[in-house]
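Mapped onto my numbering, the consecutive letters of the sequence shown carry residue numbers 1 to 308. Some notes on the structure that comes next.
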Amino acid sequence: MSFFPGNDPVPGDGFACDAIEHLIIPRSSDIGGFSVRRALPSIKRRLVGPFIFFDRMGPAILKADEAMDVRPHPHIGLSTVTYLFDGEIKHRDSLGTELVIAPGDINLMTAGRGIVHSERTPENLRGYPLAMSGLQTWIALPDQMEEIDPAFAHTAKGELPTFNDRGASGRIVIGGMGGLRSPVKTFSETLYVDLSLEAGARFPFDAGQEERALYILSGEIEIAGDRFAADQLLVFRPGDEITLIGGATGCHVMLFGGAAMGTKKHIWWNFVSSSKERIEQAKEEWRTGRFDIVPGDEEEFVPLPEGR
């Protein structure tokens with residue numbers, strides 16, 4: 001399970017903490033020329049709260065002759081959330097939005113009935129080595145919101161509340177915790193918190209959220225005697241009090257979750273919907289060029305995957 005000696009469970013053993021419902025090891029994928037680790041959706045778990053997709057991008061170094069180039073592609077029925085630790089990404093979409101996201105900022109793009117966007121290395125950074133590290137997640141929209149008008153919201157790092165207390169520090173990206181609340185608006189109860197723990201530092205993971213999980217970005221974390229390494233996703237049982245403890249080198253984790261979706265959500269490629277028929281409609285619309293174009297990025301696009 002991990003390379004740390006000691007009390008890690010072996011296959012067949014139970015966790016010391018009964019509050020851990022699933023441990024998910026992400027699978028590697030590729031976007032724009034560098035690898036990402038995809039933790040959701042998985043066989044063990046499709047959603048945690050409204051989060052239906054969870055990608056860990058990097059950390060990686062793009063060489064001077066490399067760049068991130070995710071060509072224009074469509075979405076329906078969800079909000080995409082981009083949050084970086086290193087590097088910059090230029091976002092363009094079919095609403096005419098064009099801006100660069102920097103570490104600590106948050107881009108929340110609500111697709112609703114349909115949007116197209118691209119994500120690329122900014123022109124001024126091409127030709128130089130570039131560190132890239134971050135998260136891209138998708139938040140499924142409630143059924144009654146799936147066909148709303150598309151929208152885009154950018155929130156700068158300085159607008160997000162931060163905390164620093166007894167070895168636990170971080171940023172409230174979405175939702176609220178410990179009396180702090182992010183200004184980022186979502187359509188259902190959502191929690192997204194960037195947390196760093198020094199070695200031995202303790203942090204209570206509030207049981208108030210209906211569904212909760214964490215992704216270990218770096219370091220090691222201890223929970224009720226079990227230790228877990230980087231690039232593991234832990235899903236917790238509802239209602240249980242949990243204390244997170246920084247391991248020997250501390251840890252950097254992302255806490256996330258929120259209210260459970262009341263109905264089943266279908267996901268195919270970049271489309272999310274409570275209706276399989278709606279996804280088939282979106283497939284045909286993209287195949288026949290009926291989505292809007294991205295101003296300033298009209299020459300390329302990601303074709304609909306064939307045979308799926």
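The C-beta atom is built at its ideal place from N, Cα and C for all residues, glycine as well. Please read these numbers as outputs of a predicted model, since none were measured by experiment.
{"Query": "Close Cβ partners of I267 (< 7 Å) along its chain, the five nearest in sequence each way excluded", "Result": "P41, I52"}
{"Query": "Buried versus exposed, by CB contacts within 10 Å (16 or more), Q316", "Result": "The displayed coordinates of the chain run from 1 to 308. Any statement about residue 316 would go beyond what the structure contains."}
{"Query": "C-beta atoms of S318 and L84 nearer than 8 Å", "Result": "This structure does not reach residue 318, given that the chain is present from 1 up to 308, and the question cannot be answered."}
{"Query": "In chain order, each beta strand (DSSP E) run of at least 3 residues that lies wholly inside the segment 7-87", "Result": "20-24, 27-31, 34-40, 51-62, 69-75, 78-86"}
{"Query": "Beta-carbon contacts of A199 that lie in its chain and below 7 Å, excluding the five residues immediately before and after", "Result": "G246, G247, A248, T249, G250"}
{"Query": "Cβ pair R120, D165 closer than 8 Å", "Result": "no"}
{"Query": "Own chain partners of T97 with C-beta closer than 6 Å, once the 5 adjacent residues on each side are dropped", "Result": "F152"}
{"Query": "Candidates L108, R113, E298, L135, of which the one nearest I148 by Cα", "Result": "R113"}
{"Query": "Counterpart residues of E119 in DSSP-defined beta bridges", "Result": "V70, H91"}
{"Query": "Where Q136 sits in the DSSP three-state scheme", "Result": "strand"}
{"Query": "Beta-carbon proximity list for I76, same chain, < 6 Å, skipping 5 on both sides", "Result": "A111, G114, F271, A282"}
{"Query": "Beta-carbon spacing of P72, V253 below 8 Å", "Result": "no"}
{"Query": "Collapsed DSSP secondary structure at F3 in the structure displayed", "Result": "For F3, the predicted model reports a pLDDT of 27, less than 50, meaning its position is unreliable and no value from the coordinates is stated."}
{"Query": "Under the three-state DSSP convention, the category N107 falls into", "Result": "strand"}
{"Query": "Span separating the alpha-carbon of L95 from that of L78", "Result": "16 Å"}
{"Query": "Residue environment, D297, which counts as buried when at least 16 other CB atoms sit within 10 Å", "Result": "buried"}
{"Query": "Cβ contact check for the segment 180-192 and the segment 154-164: 3 or more pairs under 8 Å", "Result": "yes"}
{"Query": "Coil, strand or helix - E280 by DSSP", "Result": "helix"}
{"Query": "Local Cβ density within 10 Å of S118, reported as buried at 16 or more and exposed below that", "Result": "buried"}
{"Query": "Beta-carbon spacing of T82, Q136 below 8 Å", "Result": "yes"}
{"Query": "Backbone CA spacing between D18 and D93 [nearest angstrom]", "Result": "44 Å"}
{"Query": "G87, buried or exposed, once every other Cβ within 10 Å from all chains shown has been counted against 16", "Result": "buried"}
{"Query": "Collapsed DSSP secondary structure at W268 in the structure displayed", "Result": "strand"}
{"Query": "Own chain, CB closer than 8 Å to P305, minus 5 neighbours either side, in chain order", "Result": "W269"}
{"Query": "Top-ranked residue by Cα proximity to G262, from L99, D194, V48", "Result": "V48"}
{"Query": "Contact check, I216 vs A201, beta carbons under 8 Å", "Result": "no"}
{"Query": "Distance between E280 and H91 (C-alpha atoms, nearest Å)", "Result": "27 Å"}
{"Query": "Strand pairing of V193, partner residues [DSSP]", "Result": "I172, L255"}
{"Query": "Continuous beta strand (DSSP E) stretch holding G219: start and end", "Result": "211-223"}
{"Query": "Simplified DSSP state of L234, which is helix, strand or coil", "Result": "strand"}
{"Query": "Alpha carbon of M177 to alpha carbon of D55, nearest angstrom", "Result": "23 Å"}
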